[in-house]
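The listed protein sequences correspond, in order, to chains A, B, C and D. Using the numbering used here, the letters of the first sequence correspond one by one to residues 7 to 354. Using the numbering used here, the letters of the second sequence correspond one by one to residues 7 to 354. Using the numbering used here, the letters of the third sequence correspond one by one to residues 7 to 354. Using the numbering used here, the letters of the fourth sequence correspond one by one to residues 7 to 354. Note that the Cβ used here is the ideal one computed from N, Cα and C, for glycine as well. Computed from a predicted structure; not experimentally measured.
Protein chains: 4
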Amino acid sequence: MRSIEVGILGGTGVVGQQFIRFLQGHPWFKLTWLGASDRSAGKKLRDATPWRLDGEMPLSAAEIVVSESKPRNAPRLVFSAMDASIATEIEREFAQAGHCVVSNSRNHRMEPDVPLIVPEVNPSHLSVIPLQQKNRGWKGMIVTNPNCSTVTLTMALAPLAGFGIQRIIVATMQAVSGAGYPGVASMDILANVLPFIGSEEEKMQQETQKILGSVDGGQFRPLHARVSAHCHRVAVVDGHTVATSVELSSKPRPSDVQAAIETFRAVPQDRKLPSAPPHPLVYMPQQDRPQPRRDAARENGMSVFVGRVRECPVLDIKFVACGHNTIRGAAGAAVLNAELMASEGLFD
Amino acid sequence: MRSIEVGILGGTGVVGQQFIRFLQGHPWFKLTWLGASDRSAGKKLRDATPWRLDGEMPLSAAEIVVSESKPRNAPRLVFSAMDASIATEIEREFAQAGHCVVSNSRNHRMEPDVPLIVPEVNPSHLSVIPLQQKNRGWKGMIVTNPNCSTVTLTMALAPLAGFGIQRIIVATMQAVSGAGYPGVASMDILANVLPFIGSEEEKMQQETQKILGSVDGGQFRPLHARVSAHCHRVAVVDGHTVATSVELSSKPRPSDVQAAIETFRAVPQDRKLPSAPPHPLVYMPQQDRPQPRRDAARENGMSVFVGRVRECPVLDIKFVACGHNTIRGAAGAAVLNAELMASEGLFD
Amino acid sequence: MRSIEVGILGGTGVVGQQFIRFLQGHPWFKLTWLGASDRSAGKKLRDATPWRLDGEMPLSAAEIVVSESKPRNAPRLVFSAMDASIATEIEREFAQAGHCVVSNSRNHRMEPDVPLIVPEVNPSHLSVIPLQQKNRGWKGMIVTNPNCSTVTLTMALAPLAGFGIQRIIVATMQAVSGAGYPGVASMDILANVLPFIGSEEEKMQQETQKILGSVDGGQFRPLHARVSAHCHRVAVVDGHTVATSVELSSKPRPSDVQAAIETFRAVPQDRKLPSAPPHPLVYMPQQDRPQPRRDAARENGMSVFVGRVRECPVLDIKFVACGHNTIRGAAGAAVLNAELMASEGLFD
Amino acid sequence: MRSIEVGILGGTGVVGQQFIRFLQGHPWFKLTWLGASDRSAGKKLRDATPWRLDGEMPLSAAEIVVSESKPRNAPRLVFSAMDASIATEIEREFAQAGHCVVSNSRNHRMEPDVPLIVPEVNPSHLSVIPLQQKNRGWKGMIVTNPNCSTVTLTMALAPLAGFGIQRIIVATMQAVSGAGYPGVASMDILANVLPFIGSEEEKMQQETQKILGSVDGGQFRPLHARVSAHCHRVAVVDGHTVATSVELSSKPRPSDVQAAIETFRAVPQDRKLPSAPPHPLVYMPQQDRPQPRRDAARENGMSVFVGRVRECPVLDIKFVACGHNTIRGAAGAAVLNAELMASEGLFD
């Protein structure tokens with residue numbers, strides 16, 4: 007694979023910084039461009055923003071001069087880490103101008119001709135892109151990844167598809183890093199639980215149906231399964247925990263479900279995409295795992311950890327899943343999407 | 007009401023200390039006796055154990071000389087705050103000897119002739135006591151209160167009984183104080199979630215069915231509704247949060263459910279029992295409430311706070327409930343049970 | 007004492023809310039007026055802002071219609087809870103117009119004719135007020151209380167004045183509530199320590215010298231003792247902890263220092279001011295106390311708790327002090343200042 | 007360097023597990039032996055204890071059969087991770103039997119013929135070993151590393167030795183991992199500060215003087231500088247923060263001190279010892295760094311991070327230092343000591 011130049015829209019924000027960190031040393035993608043607001047444009051990244059993540063700003067990125075968020079001299083492949091308040095128009099403008107926008111923003115996820123991709127779960131949904139380009143007269147494209155809690159859930163459910171998913175109830179315990187920076191006030195979360203995250207329950211419910219659904223004649227057919235989410239913020243730095251109950255039409259035993267999770271492999275593993283974890287799902291047999299602080303960052307933060315598969319007295323099976331929200335649920339998700347797209351020749 | 011002398015079995019442990027604190031200034035009950043292990047017996051409380059709770063040991067209790075856990079000179083009414091590892095035999099010995107044991111321990115909760123009481127929910131279950139005394143040849147009795155997370159759940163569900171409870175799925179986020187002292191290691195819980203609490207899910211499932219069930223001919227008829235619990239420990243000091251989905255046969259609207267919660271009053275309120283909160287359930291209309299740190303201790307920790315009643319796409323209704331685990335879920339629960347028993351003349 | 011009407015400048019912010027809560031049921035002061043920005047003016051408080059503190063907004067305050075921050079119809083006594091960015095001009099305008107401004111803002115603290123008062127420590131500094139009024143041609147006045155960490159330190163040092171304070175080194179561990187709302191980002195403080203609080207070290211160093219100094223001929227003479235502060239933010243909700251080493255010219259033994267702390271009483275106690283704690287300093291003999299979560303809120307949050315008085319191998323004596331930063335260090339501090347002023351007839 | 011077999015005394019405890027993790031893939035040392043109590047002896051490690059650290063037990067260690075803590079078949083080089091309650095006799099028995107005991111336990115640190123080593127600070131103290139062997143008639147030896155908070159302090163002070171260290175006052179904010187497992191109860195530390203750690207202040211004061219002192223005629227000459235420590239436990243997982251004020255006889259400017267820190271290199275760097283960090287001290291110019299959660303684990307947890315060098319109004323210079331307590335302050339410290347010893351031919 008030849009080196010592909012990439013840019014980041016929203017490159018100075020905390021999500022942009024997560025992209026910068028994740029792309030360090032990437033074997034295919036070389037970061038050469040950062041787009042941000044007019045206020046930052048023209049400055050080196052080091053002068054445009056403080057580094058919000060652990061450690062220090064990577065030197066190679068620190069020297070990049072930030073550009074305005076205009077297609078002009080941006081590379082063909084741009085990741086979007088923009089805030090939802092501004093992403094809609096700018097992403098469209100880039101796609102219109104021939105760029106491949108691989109977006110972490112929520113703005114276009116639910117549109118009927120925009121793929122919402124988890125590479126291990128629904129890679130075939132990329133097949134909608136020609137229709138998207140035709141509908142909109144774009145030479146470029148927009149491809150999205152889901153909300154951070156949805157990634158963890160859909161990854162964990164993927165191997166259960168063969169059992170016939172009927173109904174899903176989840177309760178999430180989500181890390182504060184999912185809210186960006188400054189995000190959640192410390193007065194709100196220390197020694198506390200916040201039982202509400204704006205729009206999160208709706209996003210999990212709708213996005214899960216779209217991702218687990220099919221494509222038929224260029225149209226998405228959402229999964230018929232009803233989904234109910236209870237979303238909570240807890241005092242965790244990184245890693246979303248998702249307590250899941252699921253109704254399955256073929257009534258498998260817990261051991262069958264556990265085996266399906268343990269043996270699950272998918273397209274990113276088959277193609278050995280650079281960011282694909284060898285084990286997309288890691289089953290933990292210990293009774294008190296997975297745990298966000300101890301597990302989410304393992305496997306470069308790209309695996310989802312599952313434990314406690316057992317019978318649910320109300321639906322059929324229950325289990326707990328945990329994934330890294332800013333890696334597998336954001337920057338890493340988008341980069342793996344781009345790797346999948348590259349492997350299909352979409353950037354050739 | 008004349009003053010009633012009371013004792014505490016397990017009076018030197020952290021749960022015993024919660025009883026001591028809760029009984030300070032009680033209008034009916036006067037603490038005069040503390041039972042503990044032989045190691046503490048003969049010492050003043052102040053010399054037998056450090057005070058584990060906020061503030062300092064109440065002076066009146068500090069001077070009580072701890073007794074062995076023998077019925078002998080204990081008052082007729084004793085609260086049991088004993089560890090489950092030793093409670094079974096000692097509680098029986100006291101009941102045999104004519105004492106009224108009002109126990110917070112789990113040991114006898116599920117026995118077929120032992121009432122498991124939440125005074126707002128199932129006060130009529132006390133009617134089993136004569137049968138208990140007859141079966142066992144006891145002059146005294148054992149009455150129990152449920153597990154801390156079960157109290158919060160059953161209180162919140164009580165006003166929904168009229169809608170026909172069919173199925174219940176809950177996910178809990180439980181405070182560390184529920185595990186006693188030293189309890190949860192800080193290495194395990196800081197910036198983390200533990201997705202397992204030993205036996206907690208089974209207790210919530212079974213106890214909820216018993217409490218919401220009926221008594222028929224001296225026999226408990228557990229509620230037929232299936233219950234599924236996902237239990238988690240979170241980095242909260244006090245206050246258990248319970249995300250609840252419930253299927254209701256009469257399909258009420260969320261506004262009907264909210265109204266039933268807001269107007270709920272029960273026997274303890276009618277009888278103005280001293281520890282009964284004026285509003286056993288407090289409905290909070292704010293979208294991000296209740297929260298354990300901000301709400302659990304209000305109303306002396308004896309109310310359960312409910313919020314976010316809304317439609318559940320899978321079952322019918324979902325909401326979040328929050329209660330104080332060491333007050334409403336332990337010491338306060340037992341004391342209110344004893345007040346209910348006193349109001350029925352059981353100590354006369 | 008007749009009832010005195012009071013107002014709060016900055017009444018809709020989180021500090022203003024702390025004043026509202028602290029003034030609930032006050033025997034002398036009746037809250038009748040709230041001043042805030044034009045954006046809030048004309049609205050009832052309940053509609054102007056959400057309640058940021060535990061529990062719910064007090065009903066009596068909820069119905070007050072917020073005014074613009076203009077002297078006009080404000081009562082003579084106004085507390086200032088304004089942000090430092092706007093307090094300078096508005097406080098002066100109120101003092102000019104004849105109001106007694108009792109301010110928690112830092113803006114005027116270090117001015118040479120403005121008293122910076124801790125009622126237990128330097129009540130005599132109020133004697134500067136006539137000079138202030140003369141200098142500035144004011145009928146009203148401005149009186150200030152110190153920074154939240156300075157209150158804890160100066161209270162703990164007050165009984166040591168007789169030993170001859172020479173040098174002071176402190177390290178603080180400060181609660182997040184000291185930074186207001188939203189204040190510290192949870193991403194910054196969870197499982198972390200922030201070794202910097204803007205301007206805090208300078209404020210502690212200068213304010214301590216002013217408060218522990220004397221007044222001579224209408225002029226403040228700062229204490230000659232050098233003060234060095236290391237200030238840190240820690241993951242605590244309420245309560246600042248101050249590790250203190252102090253050099254004392256008379257070389258007392260630790261037991262002498264402890265005795266001086268235990269027996270310390272001052273003007274607010276003598277005059278039985280309503281918010282004065284019976285014991286302004288509470289000495290805790292336990293080796294691991296005081297602790298912010300367990301102690302700061304005791305005694306209505308108005309005492310300072312001290313422990314571990316012992317020899318310092320470098321200076322002479324070391325100890326740890328802990329106080330409630332939003333009560334004794336802010337709203338309660340200002341209200342106690344106003345009570346002291348009332349007891350001196352300043353509002354007659 | 008040929009491969010050297012190593013063992014761990016106390017290999018099943020949480021400190022032992024930190025050694026196991028740190029030794030994974032070590033280029034010189036190959037872990038082949040684990041000693042523990044009789045209860046564990048004879049079992050594979052995987053069956054003897056659960057893994058307490060992040061992630062999962064390394065497979066190579068999991069298969070080692072645990073031995074009794076007897077010299078017999080142990081390798082010549084053994085690390086001691088034993089609890090202080092049992093380390094004294096066992097470590098002596100091993101040294102007597104010819105083993106080189108590189109101990110993290112506190113038991114022998116302050117003995118007059120036992121080196122207490124921080125390789126960057128006082129490598130020459132190893133010169134006492136022949137005297138130790140002669141005094142005690144040992145063929146083996148005991149070498150120790152200091153307490154976790156002392157390592158951070160002495161590393162940060164090492165480059166200041168040339169300025170003439172006169173007096174030191176520190177306040178620590180220490181992570182819970184420093185207390186082992188289960189260690190600090192979560193009820194004690196959530197949203198709290200504990201102003202006491204048993205014996206910690208004495209250890210920091212004495213060990214610092216020994217490490218920063220000299221060896222003269224086979225005898226340790228402790229540094230004359232007086233040291234005063236205030237030690238606190240805070241809600242941090244890993245990383246001790248040390249706020250430091252120091253009196254320096256040559257009165258350097260802060261910029262001189264900063265330069266000395268930035269340019270500091272020592273024997274482990276010169277010899278390129280495998281665990282030596284390229285920069286033993288990392289100076290961070292940001293005003294709010296270092297921070298334990300963001301910095302302590304960088305550079306494999308082996309560097310100490312320093313920031314905020316500035317004038318101290320009481321002593322001369324103040325700054326904040328942060329180091330990883332279970333790596334640089336425990337397992338990594340001992341392994342680096344062993345590397346230093348290997349580089350001097352002590353195991354030949």
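- Chain order gives the chain D residues near A/Leu196 as Ala197, where near means a beta carbon separation below 7 Å.
- Scanning chain C for C-beta atoms nearer than 7 Å to the C-beta of A/Val182 yields Ser192, Met193 and Leu196, reported in chain order.
- Residues Pro260, Val263, Gln264 and Phe325 of the same chain have their beta carbon placed closer than 6 Å to that of D/Val315, with the five preceding and five following residues left out of the count.
- Boundaries of the alpha helix (DSSP H) around C/Cys154: Cys154 to Leu163.
- A/Pro188 has a beta carbon lying at 9 Å or more from every beta carbon in chain B.
- For C/Gly219, same chain residues with a beta-carbon under 7 Å away, outside a window of 5 residues either side, are Phe226, Arg227, Pro228 and Leu229 in chain order.
- Using beta-carbon distances, A/Gln211 counts as an interface residue toward chain B, with a partner under 9 Å.
- Within the segment 33-66 of chain D, contact with chain A at the beta-carbon level (separation under 7 Å) is assigned to Asp60 and Gly61.
- Here D/Asp119 is not bridged, per DSSP, to any residue.
- For a Cβ distance threshold of 9 Å, residue set Leu59, Asp60 and Gly61 of chain D lies close to A/Arg300, ordered along the chain.
- Residue ranges of uninterrupted beta strand (DSSP E) with 3 or more members, entirely inside the segment 203-244 of chain B and ordered along the chain, are 220-222, 225-227 and 232-240.
- Sequence-distant partners of B/Ala181 (beyond 5 residues in either direction) whose C-beta falls short of 7 Å from its own C-beta, in its chain, are Val242, Val243, Asp244, Gly245, His246, Pro298 and Asn331.
- In the structure shown, D/His131 falls within a helical segment according to DSSP collapsed to helix, strand and coil.
- In summary, the residues of the segment 241-255 of chain C whose CB is separated from some CB of chain A by less than 9 Å are Ala241, Val242 and Val243, in the order they occur in the chain.
- Spanning the alpha carbons of D/Arg271 and D/His285 requires a straight line of approximately 7 Å.
- C/Gly307 and C/Arg277 have their C-alpha atoms roughly 19 Å apart.
- In the structure shown, A/Leu137 adopts helical secondary structure according to DSSP, grouped into three states.
- Restricting attention to alpha helix (DSSP H) runs no shorter than 4 residues, the segment 49-122 of chain A encloses them at 51-54, 65-68 and 90-102, ordered along the chain.
- Assigned with DSSP and collapsed to three states, A/Leu15 falls in strand.
- Boundaries of the beta strand (DSSP E) harbouring B/Phe35: Phe35 to Ala42, taken from the DSSP string.
- Counting only residues of its own chain and dropping the five nearest sequence neighbours on each side, B/Thr156 has a CB closer than 6 Å to the CB of Met210, Glu213 and Thr214.
- Annotation for A/Phe325: the continuous beta strand (DSSP E) segment containing it runs Ile323 to Gly329.
- DSSP places C/Glu253 within a strand segment (E or B) once states are collapsed to three.
- Taking each of D/Ile96, D/Ser255 and D/Pro274 in turn and checking the Cα distance to D/Gln172, the smallest one comes out for D/Ser255.
- C/Ala164 is positioned such that its CB atom lies no closer than 9 Å to that of C/Leu83.
- Within the same chain, Cβ atoms closer than 6 Å to the Cβ of D/Ala67 are found at Ile26 and Leu51, the five residues on either side in sequence being excluded.
- Residues of the segment 291-325 of chain B with a C-beta atom less than 8 Å from some C-beta of chain A are Gln293, Asp294, Arg295, Pro296, Gln297, Pro298, Arg299, Arg300, Gly313, Arg314, Cys318, Pro319, Val320, Leu321 and Lys324, listed in chain order.
- Distance between C/Pro296 and C/Cys328, taken at the CA atoms: about 6 Å.
- Between A/Glu253 and A/Ala235, the C-beta spacing is not below 9 Å.
- For B/Leu200, at least one C-beta of chain A is nearer than 9 Å to its own C-beta.
- 9 Å or more divides the Cβ of C/Leu40 from the Cβ of C/Gly61.
- Residue nearest to B/Gly189 within the set B/Ile217, B/Ile135 and B/Arg58 is B/Arg58 (criterion: CA-CA distance).
- The residue from B/Pro280, B/Arg304 and B/Leu279 with its alpha-carbon nearest to that of B/Tyr289 is B/Arg304.
- In the DSSP assignment, C/Met147 falls within the unbroken beta strand (DSSP E) covering Met147 to Thr150.
- Short of 7 Å from the beta carbon of A/Ile96, and not among the five residues preceding or following it, lie these beta carbons of its own chain, in chain order: Leu15, Ser75 and Met88.
- For A/Val312, the enclosing beta strand (DSSP E) stretches over residues Val310 to Glu317.
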